[in-house]
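Student:
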Amino acid sequence: MAKTGGMKAGSEPAESDRGEEAVRVRGSGARLVHAALRGEILALRLSPGSPLDETGLSERFGMSRTPIREALQRLVAEGLATALPNRSTVVTPIDFAGLPAYFEALSLMYRVTTRGAALRPVRDLAAVRASQAAFAAAVAAHDAMAMIEANREFHVAIAAIHGNEHFIALFSRLLDQGRRILRIYYSTFDDRLPRQYVEEHEAMIAALEAGDAERADALASAHARQIVRQIQDFMARDVTASIDLAEADGQKERLHGR
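Numbering-wise (our numbering), the sequence shown opens with residue 45 and increments by one.
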């Protein structure tokens, strides 16, 4: 008689089948929670430092705490959440003090990957062009989250042409790490990003098509430099504008017991 897998008609599921099904359901739930929270963190709907309470999230998503915990662990691994010593979890604060070092690493990756891609003897630009088309459409639609996603894919596609897996991984992580900074920055344009950004991408594609490494390097350097400069200028304006001198004087007097 031929053996049958799983269970017989009309019988209860085997213990192993129930266990596998539970793992699948839990994994699906963890992915759903992770995707939802990741989107909210990157869009700044969950602000930096916000608590990610397992009990509250379990009630919100109608799930047990196990898939919630798995989703939070994945966010921690991505650097979007931070596990504290008291076993609670919060949205990772934005490290404004560390931005100069971040910008230095990001700018280097722009240059290295774009120059390296131009030097490749065979360059398939299909993925780059597709990402650029998505970016241009997002800019026209004033869709900030789509802009950020398409911009990431554009530069990662260039890095993929270069082909160094370590650079791809590092650049991808740096671009992901900077999503919230870009979201803040785009909001200063009311999500109406200047056409300049689209044109700079087009110029990079032209340099890649021509195999012009020097031009590709110069364009990538200038692209990174102007983005960094504008973000830094915005941060400086925002910090300065937020200082209430009267309140600062009051705090100083209180500190000195006056």
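All C-beta atoms, glycine included, are put in the ideal place defined by N, C-alpha and C.
All values reported here derive from a predicted model rather than from experimental measurement.
Cβ of Ala257 within 9 Å of Cβ of Met248?
Tutor: Locating residue 257 in the sequence shown gives position 213, counting from the first residue. Locating residue 248 in the sequence shown gives position 204, counting from the first residue. In this structure, Met248 does not lie closer than 9 Å to Ala257 by Cβ.
Student: Please classify Val166: is it buried, with 16 or more other beta-carbons within 10 angstroms of its beta-carbon, or exposed?
Tutor: Within the sequence shown, numbered from 1, the residue matching residue 166 stands at position 122. When all chains shown are included, Val166 counts as exposed.
Student: In terms of residues, what are the limits of the alpha helix (DSSP H) holding Val200?
Tutor: Within the sequence shown, residue 200 is the residue found at index 156, counting from 1. Where Val200 is concerned, the enclosing alpha helix (DSSP H) stretches over 188-206.
Student: Does any residue of chain D bring its CB to less than 9 Å from the CB of Ala250?
Tutor: Included in the structure is just one protein chain, with no chain D present.
Student: Please tell me whether Phe179 and His245 are closer than 9 Å, where the distance is taken between their beta carbons.
Tutor: What you label residue 179 is simply residue 135 of the sequence shown in a count that begins at 1. What you label residue 245 is simply residue 201 of the sequence shown in a count that begins at 1. Yes; because the gap between Cβ atoms is below 9 Å, this pair is in contact.
Student: In the DSSP assignment, find the unbroken beta strand (DSSP E) run with Ala125 in it and report its ends.
Tutor: Taking the sequence shown and counting its residues from 1, the one referred to as residue 125 is at position 81. Segment 125-127, the beta strand (DSSP E) holding Ala125.
Student: Leu304 and Leu76: beta carbons closer than 9 Å?
Tutor: This structure leaves residue 304 out entirely; the chain is present only between 45 and 302.
Student: Give the DSSP-derived three-state secondary structure of Thr136 in the structure shown.
Tutor: If you number the sequence shown from 1, residue 136 lands on position 92. Correct three-state label for Thr136: coil.
Student: Count the other C-beta atoms from every protein chain shown that fall within 10 angstroms of the C-beta of Gly142, then say buried if there are 16 or more, exposed otherwise.
Tutor: What you label residue 142 is simply residue 98 of the sequence shown in a count that begins at 1. Its Cβ having fewer than 16 others within 10 Å, Gly142 is exposed.
Student: Would you tell me roughly how many angstroms separate the C-alpha atoms of Leu128 and Gly83, rounded to the nearest one?
Tutor: To locate residue 128, count along the sequence shown from 1; it is residue 84. To locate residue 83, count along the sequence shown from 1; it is residue 39. Cα-Cα distance, rounded: 22 Å.
Student: Can you list, in chain order, the residues of its chain whose CB lies under 7 Å from that of Met189, leaving out five sequence neighbours each side?
Tutor: On the sequence shown, position 145 is the one that residue 189 refers to. Cβ within range, chain order: Ala87.
Student: Could you tell me if Phe198 is buried or exposed, where buried requires 16 or more neighbouring beta carbons within 10 angstroms of its beta carbon?
Tutor: Position 154 of the sequence shown, counted from the first residue, corresponds to residue 198. The residue in question, Phe198, is buried, as its Cβ has 16 or more Cβ neighbours within 10 Å.
Student: In the DSSP assignment, find the alpha helix (DSSP H) that holds Ala250 and state where it starts and stops.
Tutor: The residue labelled residue 250 in the question sits at position 206 within the sequence shown. Ala250 -> alpha helix (DSSP H) spans 240-254.
Student: Within 10 Å of its beta-carbon, does Ala254 have 16 or more other beta-carbons around it, so buried, or fewer, so exposed?
Tutor: Here residue 254 refers to the residue found at position 210 when the sequence shown is read from its first residue. With fewer than 16 other Cβ atoms within 10 Å, it is exposed.
Student: State buried or exposed for Thr99, treating a residue as buried only when at least 16 other CB atoms are found within 10 Å of its CB.
Tutor: Taking the sequence shown and counting its residues from 1, one reaches residue 99 at position 55. So Thr99 ends up on the exposed side.
Student: Would you kindly work out how many angstroms separate the C-alpha atoms of Ser132 and Pro111, rounded to a whole number?
Tutor: Position 88 of the sequence shown, counting from 1, holds the residue named residue 132. Position 67 of the sequence shown, counting from 1, holds the residue named residue 111. Taking the straight line from one Cα to the other gives about 16 Å.
Student: Nearest-angstrom Cα distance between Ala66 and Met153?
Tutor: For the purposes of this step, residue 66 is taken as the residue at position 22 of the sequence shown. For the purposes of this step, residue 153 is taken as the residue at position 109 of the sequence shown. Residue placement at Ala66 is poorly supported in this model, since its pLDDT is 44, which falls under 50; the coordinates still yield a value, given next. C-alpha separation (whole angstroms): 42 Å.
Student: So the candidates are Thr232, Leu219, Gly160, Ile205; which of them puts its Cα closest to the Cα of Ala194?
Tutor: Here residue 194 corresponds to residue number 150 of the sequence shown, with the count starting at 1. The residue with the shortest Cα to Cα distance from Ala194 is Leu219.
Student: Go through the segment 86-173 residue by residue and report every complete run of the beta strand (DSSP E) that reaches 3 residues or more, in order.
Tutor: Here the runs fully enclosed are 125-127, 133-135.
Student: Measuring CB atoms only, is the segment 265-275 touching the segment 200-211, in the sense that at least three cross pairs come out at less than 8 Å?
Tutor: Because the criterion of three Cβ pairs below 8 Å is not met, the segment 265-275 and the segment 200-211 do not touch.
Student: State the CB to CB distance for the pair Tyr230 and Met191, rounded to an integer number of angstroms; the pair is presumed to be in contact (CB under 8 Å).
Tutor: Locating residue 230 in the sequence shown gives position 186, where the first residue counts as 1. Locating residue 191 in the sequence shown gives position 147, where the first residue counts as 1. With 8 Å as the limit, Tyr230 and Met191 qualify as a contact, their Cβ atoms being about 7 Å apart.
Student: Which term fits Arg224, buried or exposed, when burial requires 16 or more other beta carbons within 10 angstroms of its beta carbon?
Tutor: Start at 1 with the first residue of the sequence shown, and residue 224 comes out as number 180. The residue in question, Arg224, is buried, as its Cβ has 16 or more Cβ neighbours within 10 Å.
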